[in-house]
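One structure below.
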Amino acid sequence: MNPAIDLDGRVAIVTGGTRGLGLCIAMALADAGARVVVCGRNAPDALPEGIAFRAADIRDPEQAKGLVDGVAAKFGRLDILVNNAGGSPQAAAADASPRFFDAILKLNLHSAMYMAQAAHAHMQGRGHASIVNIASVAGVRPAPMTAAYGAAKAGLINLTQSLAQEWGPVGIRVNAIIAGLMQTENAAETYGDAEAQAAIGRSMPLQRMGTGDDIAGAVLWLCSDLAGWVSGARINVDGGGERPYFLDLVKGT
């Protein structure tokens, strides 16, 4: 990406930013001039220039706070938080264990709350503060075989709007991106092989599945002054949405 948006001097944290969508977001923020820190439980083999790594399991509120406080102490400020960490394997709801359900909520919902809470003290009253939560279409429509994930993302969307109301008076904007069907390195596990993914893409209004750059572009805008009066928004980045199944049934296909 070669964005026209200027985030020079701002400091950003991207959770789950060592690979996939998170790495695309981190690279876009760095290209726009931000100093970017990504986190994960294990250090990656390498990261692009301009992106630093800190180890943390953000499902633990103490580690989340330690990460945020450490970044703010090093750079003297924190302007941007992108809560991207998440995901879930498929699991039948009838058989999912309480431990599984708890783990999915901790990763996709609790961690975002812990990070936002930790960031609040460093962001309030500074100006330019932006929190972006990466949600999913699973949070706004049924999510069979990923019910816990869908419930967590629905909670993340509501959390976004609630925090936007509470924290707007201290200058913190909070928004959510509702990501559609994305092509990442793990796409085959969810959508099948390349032929199946191409067929899914053709079924969508814009004739393709989404990429990391699609999400990163929306994040850049939300973190910039161009979106200075945007807070509590749920922005669909989904290529126009999924084709309603009943239309194919009507056609007999």
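So my numbering is basically just the index in the sequence shown, starting at one, shifted up by 1. From the three backbone atoms N, C-alpha and C, an ideal C-beta is built for every residue, glycine too.
Beta-carbon separation (whole angstroms), residue i vs residue j, contact threshold 8 Å
i	j	result
residue 149	residue 97	6 Å
residue 6	residue 85	About 18 Å separates the two Cβ atoms, so there is no contact after all.
residue 69	residue 126	At roughly 16 Å, the Cβ-Cβ gap does not stay under 8 Å, so residue 69 and residue 126 are not in contact.
Buried or exposed (CB count within 10 angstroms, at least 16 for buried), residue i
i	result
residue 169	exposed
residue 211	buried
residue 144	buried
residue 108	buried
residue 239	buried
residue 204	exposed
residue 3	Because the pLDDT at residue 3 is just 49, under 50, the model does not fix this residue reliably, and the point stays unresolved.
residue 64	buried
residue 163	exposed
residue 176	buried
Short Cβ contact (8 Å threshold) for residue i with residue j
i	j	result
residue 140	residue 155	yes
residue 11	residue 80	yes
residue 72	residue 133	no
residue 259	residue 76	Residue 259 falls outside the range modelled here, since the chain spans only 2 to 254, and no answer is possible.
residue 110	residue 180	no
residue 161	residue 21	no
residue 201	residue 219	no
Assigned secondary structure, residue i (DSSP; H/G/I helix, E/B strand, else coil)
i	result
residue 14	strand
residue 165	helix
residue 89	coil
residue 6	coil
residue 231	coil
Cross-strand partners of residue i (DSSP beta bridge)
i	result
residue 211	183
residue 82	14 and 132
residue 40	16 and 55
residue 237	179
residue 244	In the DSSP output, where bridge partners are listed per residue, residue 244 has none listed.
residue 174	131
residue 137	180
The ligand FAD heavy atom lying under 7 Å from the CB of residue i
i	result
residue 84	The ligand FAD is absent from the structure shown, which contains no ligand whatsoever.
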